[in-house]
Amino acid sequence: MKWGVVILAGGLTPDPLASQIGTPRKALAQVEGRTCLAWTLDAVAGAEIGEMVVVGGEDIKEHVHTGTWVDEQAGHIDNARAGVAALPDCDAFLFLPSDTPFLQSSGVRHYVDAVSARVDAQQERFYSAGICPLSEFDALFPSWEDPYLKLKDGDYRSGAYYATSRAGFEHASKIFEEFSASRKNQGKMLMRLGPWTLVRYLIHLITIAEAEKRASKLFEGQAILISDCDPYAMADLDNIKDLECLLKYAPKILGSQS
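Residue numbering for the sequence shown follows my numbering, starting at 1 and increasing by one per position.
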């Protein structure tokens, strides 16, 4: 299986966050003297996954110091589609945002290796996401509060890691669009898996295994949830509070690397 990496750096963020970071591009927000995108690119390059493309506007192009720039399209899924099209020799794709400056090469490598180990060779379509135990995230970022997943197995944070096969992406792009539109609303996402799934989730009865089973049925492929991902990949930039937390913890995490 040949992997490619698609970093999604398109789209514009509105005020008040845009004014705070001095740009409508979260990828270009400065953290410890470098852009979020620069930190992300270095982490991915260090993981040695495979060919990498960055999908973003013309203003992003000059900041792509490794990998290949691809012009952004009309929306999130169209950008992902453009990234996939730019990697014709790859049959598996890791999708990453460009606003996770704490991303670590070791974490990226762990996620891809974990997915690869679980992919069923007989299954053409696979879909995966990575999550981190909430306790590990809170231990590293004790003041960072955001919505989290409440599963029977425990509480988890979701973040940067998403992956699929080429066949999987082509098959389920419409469902991806619906999930993308509601990716910050867990209720809407769970409704796509059925009302009973939502009810069981709300009373903390959904297990990771059950979530995989139901998602496999929805996507008509193999769903893989990697539940031991690193907390660094779960720290992204969506609002002013996130920015404050990034800047608070950056000196400790990135100071020696800048």
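The C-beta atom is built at its ideal place from N, Cα and C for all residues, glycine as well.
Quiz prompt | Assigned exposure category for P97 - 16 Cβ within 10 Å defines buried | solution = buried
Quiz item: Are the beta-carbon atoms of D238 and T100 separated by less than 7 Å?
Solution: no
Quiz item: Between V64 and A38, what straight-line distance do the alpha-carbon atoms span, to the nearest angstrom?
Solution: 8 Å
Quiz item: Do S106 and A163 have their C-beta atoms within less than 7 Å of each other?
Solution: no
Self-check item: Close Cβ partners of I203 (< 7 Å) along its chain, the five nearest in sequence each way excluded
Solution: With a pLDDT of only 39 at I203, under the threshold of 50, the placement of this residue in the model should not be trusted; the figure read from the coordinates follows. So the list is empty, once near-sequence residues are dropped.
Quiz item: What residue from G67, K248, D155, I21 has the CA that sits closest to L12's CA?
Solution: I21
Exercise. Put D260 into one of helix, strand or coil per three-state DSSP.
Key: For residue 260 there is no data in the structure shown, the boundaries of the chain being 1 and 258.
Exercise. Count the other CB atoms, across all protein chains shown, that sit within 10 Å of the CB of G33; report buried if there are 16 or more and exposed otherwise.
Key: exposed
Quiz item: Would you call the CB atoms of S165 and A82 closer than 7 Å?
Solution: no
Self-check item: One or two residues paired with W69 in a DSSP bridge
Solution: V54
Quiz item: Hey, Y156 and Y111: beta-carbon distance below 7 Å or not?
Solution: no
Self-check item: Sequence-distant residues of the same chain with beta carbon closer than 6 Å to L254, five excluded per side
Solution: E32
Self-check item: K252 versus A85 - alpha carbon distance
Solution: 38 Å
Quiz item: Whose C-beta lies closer than 6 Å to the C-beta of V5 among residues of the same chain, with five residues either side of it excluded?
Solution: V44, I49, M52, L94
Exercise. Taking C90 as part of the beta strand (DSSP E), name the residues at either end of that continuous run.
Key: No beta strand (DSSP E) holds C90; DSSP gives it neither H nor E.
Quiz prompt | Presumed contact (8 Å Cβ cut-off) between M234 and G159, rounded CB distance | solution = 3 Å
Exercise. Pull up the CB-CB distance for F219 and A167, whole angstroms please, since I reckon it's below 8 Å.
Key: Not a contact, Cβ separation roughly 11 Å.
Quiz item: Just how far apart, CA to CA, sit L221 and R125?
Solution: Correcting the residue identity first, residue 221 is Gly in this sequence and not Leu. Cα to Cα, G221 sits roughly 5 Å from R125.
Quiz item: Mapping DSSP to helix, strand and coil, what is W39?
Solution: helix
Quiz item: Per DSSP, what kind of secondary structure is K259 in: helix, strand or coil?
Solution: Residue 259 lies beyond the residue range present for the chain, which begins at 1 and ends at 258; the question has no answer from this structure.
Exercise. Taking 7 Å as the cut-off, decide whether the C-beta atoms of F271 and P231 are in contact.
Key: Because the chain is modelled from 1 through 258, residue 271 falls outside the range shown and cannot be assessed.
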